[in-house]
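Here is the structure we will look at, set down as structure tokens.
2 protein chains.
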Amino acid sequence: MPELPSPRTRRTQEARTALSDRRLLEAAVVLLCDGGLSAATLAAIGERAGYSRGLVTHRFGTKAGLLGHLHDQVVADWIARVQQAVGDSVGVVALLRVIDALHGFIEEAPDEMRVMYQLRYASIDPGAEFRANVANAHKAQRRDVQRWIERGQQVGAIDETHDAVLAAELFCATVDGLIYRWLVNPGLPVRELHALLKRQTLDLFSRSSPAC
Amino acid sequence: MPELPSPRTRRTQEARTALSDRRLLEAAVVLLCDGGLSAATLAAIGERAGYSRGLVTHRFGTKAGLLGHLHDQVVADWIARVQQAVGDSVGVVALLRVIDALHGFIEEAPDEMRVMYQLRYASIDPGAEFRANVANAHKAQRRDVQRWIERGQQVGAIDETHDAVLAAELFCATVDGLIYRWLVNPGLPVRELHALLKRQTLDLFSRSSPAC
DNA sequence: ATTTACTTGTTGGCAACAAGCAACTTATAC
DNA sequence: GTATAAGTTGCTTGTTGCCAACAAGTAAAT
Numbered sequence: 001m002p003e004l005p006s007p008r009t010r011r012t013q014e015a016r017t018a019l020s021d022r023r024l025l026e027a028a029v030v031l032l033c034d035g036g037l038s039a040a041t042l043a044a045i046g047e048r049a050g051y052s053r054g055l056v057t058h059r060f061g062t063k064a065g066l067l068g069h070l071h072d073q074v075v076a077d078w079i080a081r082v083q084q085a086v087g088d089s090v091g092v093v094a095l096l097r098v099i100d101a102l103h104g105f106i107e108e109a110p111d112e113m114r115v116m117y118q119l120r121y122a123s124i125d126p127g128a129e130f131r132a133n134v135a136n137a138h139k140a141q142r143r144d145v146q147r148w149i150e151r152g153q154q155v156g157a158i159d160e161t162h163d164a165v166l167a168a169e170l171f172c173a174t175v176d177g178l179i180y181r182w183l184v185n186p187g188l189p190v191r192e193l194h195a196l197l198k199r200q201t202l203d204l205f206s207r208s209s210p211a212c
Numbered sequence: 213m214p215e216l217p218s219p220r221t222r223r224t225q226e227a228r229t230a231l232s233d234r235r236l237l238e239a240a241v242v243l244l245c246d247g248g249l250s251a252a253t254l255a256a257i258g259e260r261a262g263y264s265r266g267l268v269t270h271r272f273g274t275k276a277g278l279l280g281h282l283h284d285q286v287v288a289d290w291i292a293r294v295q296q297a298v299g300d301s302v303g304v305v306a307l308l309r310v311i312d313a314l315h316g317f318i319e320e321a322p323d324e325m326r327v328m329y330q331l332r333y334a335s336i337d338p339g340a341e342f343r344a345n346v347a348n349a350h351k352a353q354r355r356d357v358q359r360w361i362e363r364g365q366q367v368g369a370i371d372e373t374h375d376a377v378l379a380a381e382l383f384c385a386t387v388d389g390l391i392y393r394w395l396v397n398p399g400l401p402v403r404e405l406h407a408l409l410k411r412q413t414l415d416l417f418s419r420s421s422p423a424c
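Chains as they are written, first to last, in the numbering used here: chain A, 1 to 212; chain B, 213 to 424.
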């Protein structure tokens with residue numbers, strides 16, 4: 001098929017949407033990061049991406065549609081990263097690697113992190129229609145942590161008396177809380193806090209039995 | 213001064229504003245709890261309180277003004293509660309009592325708790341003009357925890373090698389994260405998680421030295 | 001030519017402001 | 001001391017501008 005004239009670059013439809021999609025999401029990330037949800041208006045996103053104010057709505061239906069999509073994309077990235085960091089390890093080792101991945105993500109892709117957690121916390125509002133997206137991410141995260149703990153118990157690395165479900169929930173809560181506090185206070189000593197969290201995690205799970 | 217006739221109850225101006233103030237804030241709490249920030253429109257708050265759509269603006273200037281005020285009021289309540297629970301205790305004991313107070317607050321005044329943390333998390337948005345209110349609460353909370361740890365170290369109840377600042381920050385983060393997860397998932401086993409948090413706290417701080 | 005990508009016109013709901021009305025308070029005159 | 005006028009404060013209604021959402025159109029690809 002002839003790659004023929006046309007004012008400028010002639011693109012396939014598929015490529016066209018892929019491009020605008022990417023640009024829209026990138027624009028959303030930028031706006032979310034420096035102005036929050038309130039500054040990320042549909043018009044601003046569309047125009048910043050180099051299109052019209054109406055494209056976002058046309059593409060994603062609603063603002064919640066866009067945010068849900070963006071959330072899921074970032075989460076997928078995050079999950080992939082965690083899985084790579086954890087590999088086949090289980091027990092405390094797995095948890096320590098999650099903490100490392102977390103710190104790495106904050107350092108290397110702070111914008112994505114910000115967006116992921118901004119959306120996560122915004123989903124508290126019952127009016128946030130992308131709540132379901134966040135809830136799924138939550139569940140997946142806790143389930144993974146729970147499994148690493150249980151496998152650790154199976155291989156004898158973690159004491160049986162730990163309640164894997166509760167411990168996983170509390171671990172996830174600490175992580176979420178830490179990132180919340182980082183979002184609100186960018187000056188937070190993230191590195192040191194992650195180091196401390198690692199020590200505490202190691203300490204808690206590698207004792208012969210949980211405190212009584 | 214004669215308490216005299218007048219169509220119905222004649223009120224002093226002061227009492228009048230106190231009443232409407234209280235009603236407005238109560239209405240805001242209700243609306244925030246069952247519909248979130250998006251449902252708590254200024255018109256809805258005013259009308260639910262039995263006044264006009266315009267009163268909130270007149271009284272508090274902006275929506276952020278109202279939310280900041282509400283936040284501070286709830287936080288004051290929460291702080292008073294914590295201080296009463298902690299009393300003169302220091303070290304791990306103080307921390308355990310904070311956790312008890314937290315659980316008590318969730319059980320006895322879940323609405324206030326919801327509002328406090330809804331606002332806290334909403335303040336992540338740079339567009340939220342009540343950020344300063346939240347930031348102050350944060351700081352105060354962390355400072356208190358830090359002091360309890362330091363006092364515990366002074367009396368020898370907590371090992372000197374703990375970094376009080378970092379430990380306090382991480383403790384607060386865990387608490388914040390826990391409440392976040394409770395907000396999003398009301399079915400969370402709050403009681404058990406608090407019990408676990410107490411055990412872990414005890415365990416971490418009552419060992420002769422922090423993990424290395 | 002027809003489908004697909006994108007744009008522009010429009011509506012309803014919201015926060016915020018401004019101007020006015022009503023309730024209360026103080027001051028002055030009797 | 002009581003009555004009434006002047007002033008202040010509490011509250012309401014009218015209006016503006018911004019936003020998400022939708023509808024109807026134009027331009028680009030197949």
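Note that beta-carbon positions come from the ideal geometry of N, C-alpha and C, so glycine has one too.
Using a Cβ-Cβ cut-off of 8 Å, SER123/A counts as an interface residue toward chain B, since at least one Cβ of chain B sits closer than that to its own. Listed along chain A, the residues sitting closer than 9 Å to SER250/B by beta-carbon distance are ASP125, PRO126, GLY127, ALA128.
By alpha-carbon distance to TRP290/B, the top candidate from PHE317/B, PHE272/B, GLY277/B, LEU308/B is PHE317/B.
Per DSSP, GLY35/A is one residue of the alpha helix (DSSP H) stretching across 13-39. Of all residues in the region 271-283 of chain B, none is placed with a Cβ closer than 8 Å to any Cβ belonging to chain A.
For a cut-off of 8 Å, the C-beta gap from GLY177/A to ASP337/B is around 18 Å, too long to register as a contact. Distance from the CA atom of THR174/A to the CA atom of LEU202/A, rounded to whole angstroms, is 14 Å. The C-beta separation of LEU193/A from LEU382/B comes to about 6 Å, placing the pair in contact by the 8 Å criterion. In the DSSP assignment, GLY152/A falls within the alpha helix (DSSP H) that extends over 131-154. Annotation: the continuous alpha helix (DSSP H) that includes ARG81/A extends over 63-86.
Shown here, ALA256/B sits in a helix according to DSSP, grouped into three states. Residue environment for GLN13/A: exposed (fewer than 16 other C-beta atoms within 10 angstroms of its C-beta).
By alpha-carbon distance to GLY91/A, the top candidate from LEU32/A, VAL190/A, PRO189/A, TRP148/A is TRP148/A. With a cutoff of 8 Å on beta-carbon distance, GLY339/B and GLY36/A are scored as near each other. In the structure shown, ILE158/A falls within a coil segment according to DSSP collapsed to helix, strand and coil.
When LEU25/A, ALA64/A, GLY156/A are compared, the shortest CA-CA separation from VAL134/A is found for ALA64/A.
By the criterion of a C-beta distance shorter than 7 Å, MET116/A is surrounded in its chain by HIS71, VAL74, VAL75, TRP78, once the five residues flanking it on both sides are discounted. Taken in chain order, the members of the region 381-414 of chain B whose beta-carbon sits within less than 8 Å of a beta-carbon on chain A are GLU381, LEU382, CYS384, ALA385, THR386, VAL387, ASP388, GLY389, LEU390, TYR392, ARG393, LEU395, VAL396, ASN397, LEU400, PRO401, GLU404, LEU405, LEU408, LEU409, ARG411, GLN412, LEU414. The beta carbon of GLN365/B sits no closer than 8 Å to any beta carbon of chain A. In the structure shown, GLY177/A falls within a helical segment according to DSSP collapsed to helix, strand and coil.
Residues of the region 346-373 of chain B whose Cβ lies closer than 8 Å to any Cβ of chain A, in chain order: VAL346, ALA347, HIS350.
The contact set of GLY303/B on chain A, defined by CB atoms closer than 7 Å, is empty, because the minimum CB distance reaches about 15 Å.
The Cβ atoms of VAL396/B and SER123/A sit closer than 8 Å to each other. The alpha carbon of LEU95/A has as its nearest neighbour, out of ARG181/A, SER20/A, ALA164/A, GLU107/A, the alpha carbon of ALA164/A.
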